[in-house]
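Top to bottom, those sequences are chains A and B.
Last residue of the first sequence: 639 (my numbering), numbering continuous.
Last residue of the second sequence: 289 (my numbering), numbering continuous.
Glycine included, each C-beta is placed from N, C-alpha and C at the ideal position.
What you are looking at is a predicted structure, and each value in this text was computed from that prediction instead of being measured.
Everything below concerns the one structure shown next.
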Amino acid sequence: MTMQTVLPVDLSAVAALSSLTGEPEWMAALRRESLELAANLPLPKLEKTRIERWPLDDFGSYKESPRLKSAMDLPAEVRRFIGDAEKAGNLLVQRNSSVVYAALSDDVAAKGVVFTGLSEALAEHGELIRRHFMKAVARDENRLTALHAAMWSGGVFLYVPKNVKVEVPLQALFLSDDASASFCPHVLIVADENSEVTYVDNYFNYNASGKLVHNGVVEIFAKPGAHVQFASVHDLSAGVTDLTYRRAVLENGARIDWIIGEMNNGHSMSDTASILKGEGSVSDAKVICVGTGDQRMNITTRAVHIGRHTVSDMITRAVMRDNSTAIINGITKIEKGATYASGEQTERVLMLSPTARGDANPMLLIDEDEVKAGHAASVGQVNPEHVFYMMSRGITREAALRLIIYGFLAPVVSEIPIRILEEQLKLVVERKLGQ
Amino acid sequence: MSNKPRFVIQGLKVAIDGKQILQGIDLELNGGEVHAVMGPNGTGKSTLASALMGHPRYEVTEGTVTLDGENVLEMEVDERARAGMFLAMQYPSEIPGVTTADFLRTAINARRGEGNEISLIKFVRMMEQKMAALEMDPQFMHRYLNEGFSGGEKKRNEILQMLMLEPRVVMLDEIDSGLDIDALKIVAAGVNSIRSEERTFLIITHYQRLLNYIKPDFVHVMMQGRIVKSGGPELAERLEAEGYDWIKEELGIEDVTVGREEEDDFKIPMNTLAPKF
Numbered sequence: 205m206t207m208q209t210v211l212p213v214d215l216s217a218v219a220a221l222s223s224l225t226g227e228p229e230w231m232a233a234l235r236r237e238s239l240e241l242a243a244n245l246p247l248p249k250l251e252k253t254r255i256e257r258w259p260l261d262d263f264g265s266y267k268e269s270p271r272l273k274s275a276m277d278l279p280a281e282v283r284r285f286i287g288d289a290e291k292a293g294n295l296l297v298q299r300n301s302s303v304v305y306a307a308l309s310d311d312v313a314a315k316g317v318v319f320t321g322l323s324e325a326l327a328e329h330g331e332l333i334r335r336h337f338m339k340a341v342a343r344d345e346n347r348l349t350a351l352h353a354a355m356w357s358g359g360v361f362l363y364v365p366k367n368v369k370v371e372v373p374l375q376a377l378f379l380s381d382d383a384s385a386s387f388c389p390h391v392l393i394v395a396d397e398n399s400e401v402t403y404v405d406n407y408f409n410y411n412a413s414g415k416l417v418h419n420g421v422v423e424i425f426a427k428p429g430a431h432v433q434f435a436s437v438h439d440l441s442a443g444v445t446d447l448t449y450r451r452a453v454l455e456n457g458a459r460i461d462w463i464i465g466e467m468n469n470g471h472s473m474s475d476t477a478s479i480l481k482g483e484g485s486v487s488d489a490k491v492i493c494v495g496t497g498d499q500r501m502n503i504t505t506r507a508v509h510i511g512r513h514t515v516s517d518m519i520t521r522a523v524m525r526d527n528s529t530a531i532i533n534g535i536t537k538i539e540k541g542a543t544y545a546s547g548e549q550t551e552r553v554l555m556l557s558p559t560a561r562g563d564a565n566p567m568l569l570i571d572e573d574e575v576k577a578g579h580a581a582s583v584g585q586v587n588p589e590h591v592f593y594m595m596s597r598g599i600t601r602e603a604a605l606r607l608i609i610y611g612f613l614a615p616v617v618s619e620i621p622i623r624i625l626e627e628q629l630k631l632v633v634e635r636k637l638g639q
Numbered sequence: 013m014s015n016k017p018r019f020v021i022q023g024l025k026v027a028i029d030g031k032q033i034l035q036g037i038d039l040e041l042n043g044g045e046v047h048a049v050m051g052p053n054g055t056g057k058s059t060l061a062s063a064l065m066g067h068p069r070y071e072v073t074e075g076t077v078t079l080d081g082e083n084v085l086e087m088e089v090d091e092r093a094r095a096g097m098f099l100a101m102q103y104p105s106e107i108p109g110v111t112t113a114d115f116l117r118t119a120i121n122a123r124r125g126e127g128n129e130i131s132l133i134k135f136v137r138m139m140e141q142k143m144a145a146l147e148m149d150p151q152f153m154h155r156y157l158n159e160g161f162s163g164g165e166k167k168r169n170e171i172l173q174m175l176m177l178e179p180r181v182v183m184l185d186e187i188d189s190g191l192d193i194d195a196l197k198i199v200a201a202g203v204n205s206i207r208s209e210e211r212t213f214l215i216i217t218h219y220q221r222l223l224n225y226i227k228p229d230f231v232h233v234m235m236q237g238r239i240v241k242s243g244g245p246e247l248a249e250r251l252e253a254e255g256y257d258w259i260k261e262e263l264g265i266e267d268v269t270v271g272r273e274e275e276d277d278f279k280i281p282m283n284t285l286a287p288k289f
């Protein structure tokens, strides 16, 4: 049965995107096919969330932003995310639909590392990209993944060759300052055998206003023995609907560390999954989110165990204020054959308002014996005993609450690999906590 | 000019969940004095300490408490602390995400006021010094407050806080429970090191053992939510030797506890019938 769906984009817009960016025909064809798929695919089914009621129409259209010669040309608002803007090596900036700045320091480039916009990488690294693009997140999974495959622009391509260890974190900034411009970056990371890399990005609005959909996908391929550390903070304004899929496929002995800060102000859906395909692969995910105003959030973290002796650990902590709602899902799936798998997960929600809502849904789906799996989920309010304890040392009630609430999120904030971003995240958290 | 504290409790009656626990406590603590409060379990000793500190679950139904003439009962918990009161708790809270160091520095600065915060170097030096005196691993400074600490470590952390905050009215609620003899001696040494005219102590203890190391000036016995006997250090010794029965006989008390229901035959809750399908 075909569903007549009115899509936010049409074929001509997609074709225009292809020709404006001068991309290879296989990508243009992929876009056209994906758009057709999108017309017939349903929206994803989310736990206790009617995503069809969210504002999903304003995808904007492709608008190229002028390239910058140096990071110093970025507004001060944006430069605060970069340590030393003058030196700013190892930095990529996407503004609205396109990448405006990409720099890689010489010593990292000398090792064969590629860190550029995905769009521009198509010319030189087409084969490598084609082998991986939309292979972790398939375009026919649902209407959103199909739309992303049709609409994506700008993006990041990060390739780390075999045995290369990148000592410094590579940083990307995705900023939206024009609600009529599409904002659907695709991040593709391929970490070859035994490589090590840390990637950190930030999504935010600058001079924000207007409704927009951010439909983003992150795909990470960790080859045998590779170790990828991926940190991302989303701080988009209330008018933006954030839809993000993140998926890592891990080969033998590979490892991923996810550190995610969901700090948006509008409706948000995110799905962060690790596919533990190879034997001995490991996934560690830490997610925090703060809900404010009337926003609705659906945050899912997944670990799918396929190989033997695989290990996963997922921690999500959410603080809910005002009338916000968060449905927090933790899914540990252990497939038949994944013997000696070990999967742990914890979801903790702190309620600060009687009209806020936080659901913690742990799910263990186990199809194998000889495995270990556990979960802990709690939803609660600030413990008055803790407040009493702190006040009994002379700390005021407000200061005590601030310490306790911040302390609830601290274990994740402290994991952010770049000091300046940890500071930034602290500021974002404090702003969302209303302090 | 002396900073000798004068802490006066008069006719204090305290209830919890509607049940009357303290039936009228009269006590006067002056600077330089160490008062011990002893008694069997369930007599209201911890209630006294918690209520004095302002724990929200306890309701003061009657009586007054003043510190240097100021009405304590009208003060919020943090005001009482800044006025110089301190309670080393029997079961200290574990607060994740807040390090011991951050917590203490915030507490010290709350006392010192805005613009007069303690310098980081001075603070760290003070912490290191006090932790060394208590034979605490300096790593504890960076651990989350009490998280994963053993009972004994938590008690030592309470004493560390006492040493860092320099309070004027110090209440210790069963600081000796869960401590081995070595830890006990260290804690006692810490307490003794700050005995002065500018400080007064209210030590709640179940066992007399602690009082071998912290010699009290006054000993009070609580039963049924009241202080039923007061004396000097020799009272503690007699209790250690003879127990509480002689007091119960002297005063004609049968049941020393407060607020507990009649203890019927205690039935172990167990259901070993096979589940019905």
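Looking at A:Ile286, A:Gly414, A:Val421, A:Ala412, the one whose alpha-carbon comes closest to that of A:Ile393 is A:Val421. Annotated three-state conformation of B:Met101 is coil, per DSSP. A:Leu607 has a beta carbon lying within less than 7 Å of a beta carbon in chain B.
Under DSSP, A:Trp356 takes part in no beta bridge, so it has no partner.
Take A:Leu245, set aside five residues on each side of it, and the residues of its chain with a beta-carbon closer than 7 Å to its own are Asp344, Asn346, Arg347, Ala350, in chain order. Put simply, the backbone Cα of B:Ala93 is about 22 Å away from that of B:Ala27.
Within the region 159-175 of chain B, the residues whose Cβ lies closer than 9 Å to some Cβ of chain A are Gln173, listed in chain order. At a beta-carbon threshold of 9 Å, the residues of chain B lying near A:Ser596 are Met65, Gly66, His67, Val89, Asp90, Arg92, Ala93, Met97, Phe98, Leu99, Met101, ordered along the chain.
Around the Cβ of A:Ala220, a 10 Å sphere holds fewer than 16 other Cβ atoms; the residue is exposed. Not a single CB atom of chain B sits nearer than 7 Å to the CB of A:Phe378.
A check of alpha carbon separations from A:Pro588 across A:Pro270, A:Leu556, A:Glu251, A:Ser582 identifies A:Leu556 as the nearest. With its beta carbon less than 7 Å from one in chain B, A:Tyr593 belongs to the interface. Beta-bridge partners of A:Trp462 (DSSP): A:Phe434, A:Ala489. Of the residues assessed, B:Thr55 falls on the buried side of the cut-off, its CB having 16 or more other CB atoms within 10 angstroms. The alpha-carbon of A:Asp488 is positioned some 27 Å away from that of A:Gly470. The C-alpha of A:Pro373 is placed about 52 Å away from the C-alpha of B:Ala61. A:Met518 places its beta carbon 7 Å or farther from that of A:Thr504. Excluding the 5 residues flanking it on each side, B:Glu106 has same chain C-beta neighbours closer than 6 Å at Asn158, Glu159, in chain order. Taken in chain order, the unbroken stretches of alpha helix (DSSP H) that lie wholly in the region 18-92 of chain B and span 4 residues or more are 57-65.
Its chain contains Leu172, Leu175, Met176 as the residues whose beta carbon lies nearer than 7 Å to that of B:Lys142, once the 5 sequence neighbours on both sides are disregarded; these appear in chain order. Per the C-alpha coordinates, the member of A:Arg500, A:Thr543, A:Val515, A:Ile609 positioned closest to A:Val523 is A:Ile609. The Cβ atoms of A:Gly541 and A:Val553 do not sit closer than 7 Å to each other. Here A:Glu371 is exposed: its Cβ has fewer than 16 other Cβ atoms, across all protein chains shown, within 10 Å. B:His154 carries a helical assignment under DSSP once its states are collapsed to helix, strand and coil. Chain-order list of chain A residues neighbouring B:Pro108: Gly611, Phe612, Ala614, Pro615, by C-beta distance under 8 Å. Shown here is that no member of the region 540-567 of chain A has a Cβ falling below 9 Å from a Cβ of chain B. The region 269-280 of chain A makes no contact with the region 232-250 of chain A; the number of CB pairs closer than 8 Å stays below 3. A:Val586 places its beta carbon 7 Å or farther from that of A:Ala545. A:Glu251 is outside the set of residues whose beta carbon lies under 7 Å from a beta carbon in chain B. Using a Cβ-Cβ cut-off of 7 Å, A:Glu589 is close to Ser105 of chain B, given in chain order. When 9 Å is used as the limit between beta carbons, A:Ala603 is near these residues of chain B: Asp90, Thr118, Ala122, in chain order. In chain order, Ser14, Lys16, Gly43, Gly44 place their CB closer than 7 Å to the CB of B:Glu209, counting only its own chain and leaving out the 5 sequence neighbours on each side. In the structure shown, A:Ser222 adopts helical secondary structure according to DSSP, grouped into three states. Around the beta-carbon of B:Met50, 16 or more other beta-carbon atoms lie within 10 Å, marking it buried. In its chain, beyond the 5 residues on either side, Leu211, Arg347, Ala350, Leu351, Ala354 have a beta carbon closer than 7 Å to the beta carbon of A:Ala242. The C-beta of A:Ile519 comes no closer than 7 Å to any C-beta of chain B.
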